[in-house]
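*Asks:*
Written out as structure tokens, the structure is:
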């Protein structure tokens, strides 16, 4: 079988929906990929492995009971670090908010969760999505940046560390 992180987002959705791919197996595959590449790419600010796997197990149980929260049920996604995520550090790329943990989700994150998505983690961003570059390296040429404020999301998707991620412009 193909390592799950190699599947496209569409393939992941189809296979999870058809019970051919376990959300737990998918989450574990993505976490292994992050373990392999994150030290050199630096796409992530925060990952709560325990929470990711807990949510994946919950999604798997719901699938076993023929319950699905939405079209992204059981799919782990990256969240750019400017989007408030309840209970998860949200720094906006700034030392000023190094310890800030919001008590509620931004609308975008809330809608992803309502659609069944699992928050894989927070992706690196430039400070306040505007200023100095994030530490993220371009996966195809690590002497370069992957671009602007959504660099962590872009690098995460490009390397297969996540099948999709929130970004902004």
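Residue numbers (the working numbering): 1491 to 1659. Heads up, the beta-carbon is just placed ideally off N, CA and C, and yes, glycines get one too.
With 9 Å as the threshold, decide whether the Cβ of residue 1544 is near any Cβ in chain B.
*Replies:* Absence of chain B from the displayed structure is noted, only one protein chain being present.
*Asks:* Taking the beta carbon of residue 1606 as the centre, do at least 16 other beta carbons fall within 10 Å, making it buried, or is it exposed?
*Replies:* Burial call: buried.
*Asks:* Can you tell me whether residue 1524 is helix, strand or coil according to DSSP?
*Replies:* In the structure shown, residue 1524 sits in a helix (DSSP, three-state: H, G or I).
*Asks:* Looking at residue 1623 and residue 1638, is the spacing between their C-beta atoms short of 9 Å?
*Replies:* Contact: yes.
*Asks:* Rounded to the nearest angstrom, what separates residue 1621 and residue 1528 at their Cα positions?
*Replies:* Residue 1621 and residue 1528: Cα-Cα distance of roughly 23 Å.
*Asks:* Decide if the segment 1550–1568 is in contact with the segment 1581–1591; the criterion is three or more beta carbon pairs, one per stretch, under 8 Å apart.
*Replies:* The segment 1550–1568 vs the segment 1581–1591: no contact.
*Asks:* Nearest by alpha-carbon distance to residue 1573: which of 1614, 1512, 1511 is it?
*Replies:* The residue with the shortest Cα to Cα distance from residue 1573 is 1614.
*Asks:* Relative to the alpha-carbon of residue 1546, which residue among 1530, 1566, 1645 has its alpha-carbon at the smallest distance?
*Replies:* Measuring from the Cα of residue 1546, the nearest candidate turns out to be 1566.
*Asks:* Are there three or more Cβ pairs, one per stretch, closer than 8 Å when the segment 1530–1537 is compared with the segment 1641–1652?
*Replies:* Yes, the segment 1530–1537 touches the segment 1641–1652.
*Asks:* Closest to residue 1510 by C-alpha separation, out of 1525, 1554, 1544, 1541, would be which residue?
*Replies:* Ranking the options by Cα distance to residue 1510, first place goes to 1554.
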